[in-house]
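Using the working numbering, read the sequence shown as starting at 132 and increasing by one per residue.
Cβ coordinates follow ideal geometry from the N, Cα and C atoms, glycine included.
Have a look at the structure below, then the notes.
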Amino acid sequence: MQVRESNFTKLCNTTTLLVVNDSYPGPQIRVHRCDTVFVNVHNQGNYGFTIHWHGVKQPRNPWFDGPEFITQCPIQPGTNFTYEIVLSDEIGTLWWHAHSDWTRGSVHGAFIILPVENETYPFPTPDADQTIILGKHIF
Ligand SMILES: [Cu+2]
């Protein structure tokens, strides 16, 4: 993940937002149940922040859960940090988001956990592969 300020224009207004990979919302992460996922976060912005993997339990792996000043210090500008995200029984669509003050407003995206081979979802299979992220307009 490259995290930096990017310009977005809507209704004749241009605003600078801190986003991932120049995208708002940020990129989807698509993995399978029980995977271990490595995400390298490059902070090319002006503020320190962390990333939280919302809904991932990470048993015995709290150091990569993301709440700043609880399990880690913020990733400082100009540095990077690799998260090791250990999935267990999570399945379906969760989300990831920055976990520092206002940064979560623009640094977020879907975390999609697919079933493993020969497994089905424990709920009706979605009709379409489309993710909708609900949130507040920030520009
Ligand atoms: Cu959260």
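Next item on the list: For the beta strand (DSSP E) holding VAL187, just list the boundary residues, first then last.
Entry: VAL187 -> no beta strand (DSSP E), and no H or E assigned at all.
Margin query: Give me the pocket residues for ligand 1, defined as CB within less than 6 Å of any heavy atom, sorted by chain position.
Written below: HIS183, HIS185 and HIS228
Checklist line | Short Cβ contact (8 Å threshold) for VAL170 with LEU218 | finding: In this structure, LEU218 does not lie closer than 8 Å to VAL170 by Cβ.
Next item on the list: Work out the CA separation of PRO246 and PHE254 for me, nearest whole Å.
Entry: 11 Å
Next item on the list: Can you grab the Cα-Cα spacing for the pair PHE139 / THR256, in whole Å?
Entry: 35 Å
Check: Of all the options CYS204, GLU221 and THR224, which has the alpha carbon lying nearest to the alpha carbon of TYR178?
Finding: Among CYS204, GLU221 and THR224, the Cα nearest to that of TYR178 is on CYS204.
Next item on the list: Let me know the beta strand (DSSP E) ranges lying completely inside the stretch 165 to 226, each 3 residues or longer, listed in chain order.
Entry: For the stretch 165 to 226, whole beta strand (DSSP E) runs of length 3 or above, ordered along the chain, are 167 to 174, 182 to 185 and 211 to 217.
Check: Residue range of the beta strand (DSSP E) that ILE263 falls in?
Finding: ILE263 -> no beta strand (DSSP E), and no H or E assigned at all.
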